[in-house]
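Trainee: Here the protein sequences line up with chains A and B, keeping their order. Start counting the first sequence at 48; every next residue gets the next number (the numbering used here). Start counting the second sequence at 22; every next residue gets the next number (the numbering used here). Cβ atoms here follow ideal geometry from the backbone N, Cα and C, with glycine treated the same way.
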Amino acid sequence: MSTAAPLVHARNLTKRFDAFTAVDAIDFDVQPAESFGFLGPNGAGKTSTMRMIACSSPLSDGELRVIGMDPRTEARQIKARLGVVPQIDNLDTELTVRENLEMYARYFDIPSDVARTRADELLEFVQLDERATDKVEPLSGGMKRRLTIARALINEPDLVILDEPTTGLDPQARHLLWDRLYRLKQRGATLIITTHYMDEAEQLCDRLVVMDKAHIVAEGSPRELIDRYSTREVLELRLADGVRAALNGKLDGLADRVEDLPDRVLLYTDDGERTLDELNRRAIPVEGTLVRRSSLEDVFLHLTGRSLVD
Amino acid sequence: MLASAAQVFIRNWLVYKRIWHRSIFFGFLQPFMFLSAMGIGMGTLLARNPNAFGGMSYLEFLGPGLLAASAMQVATFESTYPIMNKIMWGRNYEAMLSTPLGTRHILIGEMGWISFRLATIATVFMVVLWFMGVTASPLAVLAIPVAVLSGVGFSAGLFAFTTTQENDLGFSWIFRFVINPLFLFSGTFFPLSQLPSALVALAWLTPLFHAVELIRGLTLGRLDPVAAPIHLAYLLVFAAAGIWLADRGLKRRMEK
């Protein structure tokens, strides 16, 4: 672990809305140049945590330092050094693509000639240079997201906060976005990403915390979490309803752990093929099988007993 | 503080500059048509009773009153749907608040912007009044800042209201039960002396009445030395209270 001062330091961080506790006394540190993820289902408290880091929501309790400063008293200075990509687009639809960047630069007090140069570079970076003079509204969802990311980079932030950056995008747009974020990471940017997509977390995060019901339930790199909370492989079974009802104990001893989901049964094992052979020997009729590597989805399932995306 | 607030103003200017010529054109057209129809057309009929408007022609009576009422209408409209959009639908304020700007910068920028809009509208209106021969005093120029001041009061008050709303249903209620009655019963179209004394007393409590009286007095050079400072003081307090409420409201709304 890095010895440099963390860019974000949270202890007992808590957010309450009246009687509801959205974030319940969580601890975490984000180190410079790392890509840190918050993985969890909707309502886990990810966005509330992001909003506190971004100084747009006051903390209810606990301690929070962002870039060494206190959001309660130094919000303006902190915000000057952050880039924020919100969950729901908030581009200025009355301005053009380029004006969105240049106007945003003004809010940061960036001189207009510098803003122009950066806007050029960023539009190229997010592959929107050909749409510079277009209005925002006709852009596709993926383009809007990319513009929002470009906008978040206009002040050359020390820390970029992305709240569910690819939710609602089609696969192609997601991959393009991931590619841009990966490049950003390669340049040494510090990223904080919330997501409920485990593949996104695996692709982009060096380290992550799993959140559930306002708490952090696990922390580590994607690989560490999988090693700690899951087996190497998973054998997925699809069974006819009748077969499933009559299983009682027939799967015993086949795997380290069995998860009985509504649509399938998961067998956690270090060697999926061998487990499948054994299953065939026991002559259990299956409609479909799949052997795959364990993922963060399995980690989440193990930790909470529920799927990430319902 | 002001440098940051100015950016909010500039953002609005960036949007407005594409349509300003249209806006100025309608700024002329609207009072011109209204004053021609009501002031000259109807005024000719009303001229049979020369004392009905205290020795003024109906056009003289109506013109400055309508300036005050127009300032109110523009100011209230600008602080309802467009502000709701920036809070909820378009989330412009959320984006601005992710930068070093705070809610107070936003409010000052928006109030500065509405002041600018009111100033252009009132100036155009005053030019029309001058052209129609209504202005009778150099003090008429001072009616412009008074129109701006009263407009800012309405704008800030409505801004404060908007920060408390979750949808736009409340706006039609406000227009129906607040703005329209003020428009009709604040001495814009007829002297308050025509109303029962209870309603006259009520009018003294409402802001548009004070704006109408002050603007009319300045435009026609008929300022009442006793009442005028009261009108001005009322409008100053009205604007200050509105801004205070809007400042609190926006902070509460955005910093949850």
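From the DSSP output, in three-state form, read off Asp274/A for me.
Mentor: Note: Asp274/A maps to helix in three-state DSSP.
Trainee: Kindly identify the DSSP beta-bridge partner or partners of His262/A.
Mentor: Answer is Asp259/A, bridged to His262/A.
Trainee: Would you mind telling me which residues of chain A sit closer than 8 Å to Ser91/B, beta carbon to beta carbon, in chain order?
Mentor: Residues of chain A passing the Cβ test: none, with the nearest at roughly 24 Å.
Trainee: Glu280/A and Arg340/A: beta carbons closer than 9 Å?
Mentor: Against a cut-off of 9 Å, the Cβ pair of Arg340/A and Glu280/A comes out as a contact.
Trainee: Would you kindly report the start and end of the unbroken alpha helix (DSSP H) that includes Asp303/A?
Mentor: Asp303/A -> no alpha helix (DSSP H), and no H or E assigned at all.
Trainee: Give the residues of chain B in contact with Ser104/A, contact being defined as C-beta atoms less than 7 Å apart.
Mentor: Within chain B, the residues near Ser104/A are Glu276, Lys277.
Trainee: Give a yes or no on whether the C-beta atoms belonging to Leu229/B and Leu220/B are separated by under 9 Å.
Mentor: It is not a contact, given that the beta carbons lie outside the stated cut-off.
Trainee: Looking at the C-beta of Glu115/B, does it have a partner C-beta in chain A at a distance below 9 Å?
Mentor: Closer than 9 Å: yes.
Trainee: For Ser189/B versus Met132/B, is the C-beta spacing smaller than 9 Å?
Mentor: Contrary to the premise, residue 189/B reads as Asp rather than Ser in this sequence. Not in contact: Asp189/B and Met132/B (Cβ atoms no closer than 9 Å).
Trainee: Can you give me, in chain order, the residues of the segment 98 to 126 of chain B that have a beta carbon less than 7 Å from any beta carbon in chain A?
Mentor: The residues in question are Gly111, Arg112, Asn113, Glu115, Ala116, Met117, Leu118, Ser119, Thr120, Pro121, Leu122, Gly123.
Trainee: Enumerated in chain order, which unbroken segments of the alpha helix (DSSP H) with a length of 4 residues or greater are wholly contained in the segment 118 to 159 of chain B?
Mentor: Fully enclosed alpha helix (DSSP H) runs of 4 or longer: 124 to 152.
Trainee: What did DSSP end up calling Asp74/A once you bin it into helix, strand or coil?
Mentor: Three-state DSSP puts Asp74/A in a strand.
Trainee: Can you give me the C-alpha to C-alpha distance between Arg269/B and Glu177/A, rounded to a whole angstrom?
Mentor: Each residue's Cα considered, the two are about 43 Å apart.
Trainee: Of all the beta strand (DSSP E) runs that stay within the bounds of the segment 213 to 240 of chain B, which reach a length of 3 or more residues?
Mentor: If we require 3 residues or more, the segment 213 to 240 of chain B turns out to have no beta strand (DSSP E) run fully inside it.
Trainee: Since Asp108/A sits in a beta bridge, which residues does DSSP pair it with?
Mentor: DSSP lists Thr61/A as partners of Asp108/A.
Trainee: Mark Pro202/B as exposed unless 16 or more other C-beta atoms lie within 10 angstroms of its C-beta, in which case mark it buried.
Mentor: Exposed.
Trainee: Between the alpha carbons of Glu110/A and Leu200/A, how many angstroms are there, rounded?
Mentor: If I take the Cα positions, the gap works out to 27 Å.
Trainee: Can you grab the Cα-Cα spacing for the pair Lys260/A / Cys252/A, in whole Å?
Mentor: One C-alpha to the other measures close to 21 Å.
Trainee: Closer than 9 Å, CB to CB, is Ser25/B near chain A or not?
Mentor: Yes, its Cβ sits closer than 9 Å to a Cβ of chain A.
Trainee: Less than 9 Å between the beta carbons of Ala90/B and Ser207/B, yes or no?
Mentor: Yes.
Trainee: For Asn147/A, count neighbouring Cβ atoms within 10 angstroms of its own Cβ and tell me buried if that reaches 16, exposed if not.
Mentor: Classification of Asn147/A: buried, given that the 10 Å Cβ count is 16 or more.
Trainee: Under 8 Å Cβ-Cβ, which residues of chain B neighbour Asp139/A?
Mentor: Within 8 Å Cβ-Cβ: Arg32, Gly111, Asn113, Ala116.
Trainee: Quick check: what's the CA-CA separation for Pro105/A versus Glu203/A?
Mentor: Pro105/A and Glu203/A: Cα-Cα distance of roughly 25 Å.
Trainee: Under the rule that 16 or more other beta-carbon atoms within 10 Å means buried, what is Ala101/A, buried or exposed?
Mentor: By the 10 Å Cβ count, Ala101/A comes out buried.
Trainee: Taking Leu308/A as the reference, give the member of Ala265/A, Asp299/A, Arg353/A, Ser342/A with the closest Cα.
Mentor: Checking every option, the nearest Cα to that of Leu308/A belongs to Arg353/A.
Trainee: Check Met116/A in the structure and name its three-state DSSP category.
Mentor: Here Met116/A sits in strand by DSSP.
Trainee: Taking only beta-carbon atoms, is Leu35/B less than 9 Å away from chain A?
Mentor: At least one chain A Cβ lies under 9 Å of Leu35/B.
Trainee: Is there a Cβ of chain B sitting closer than 9 Å to that of Asn327/A, yes or no?
Mentor: Not an interface residue.
Trainee: Nearest chain B C-beta to Met150/A closer than 9 Å, yes or no?
Mentor: It does; some Cβ of chain B falls within 9 Å.
Trainee: Would Leu223/A and Val207/A qualify as a contact pair, given that the criterion is a beta-carbon distance under 9 Å?
Mentor: No, they are not a contact pair.
Trainee: Is the CB-CB distance between Phe155/A and Thr124/B below 9 Å?
Mentor: Their beta carbons are not under 9 Å apart, which means Phe155/A does not touch Thr124/B by this criterion.
Trainee: DSSP three-state call for Leu314/A: helix, strand or coil?
Mentor: Of the three classes helix, strand and coil, the one that applies to Leu314/A here is strand, per DSSP.
Trainee: From the DSSP output, in three-state form, read off Asp186/A for me.
Mentor: Checking the sequence shown, residue 186/A turns out to be Leu, not Asp. Looking at Leu186/A - three-state DSSP - the assignment turns out to be coil, as it is neither helix nor strand.
Trainee: Anything in chain B within Cβ reach of Ala101/A, meaning under 8 Å, just list it in chain order.
Mentor: Per Cβ cutoff of 8 Å: Ser119.
Trainee: Could you give the residue range of the beta strand (DSSP E) that holds Asp167/A?
Mentor: No beta strand (DSSP E) holds Asp167/A; the alpha helix (DSSP H) holding it covers 159 to 172.
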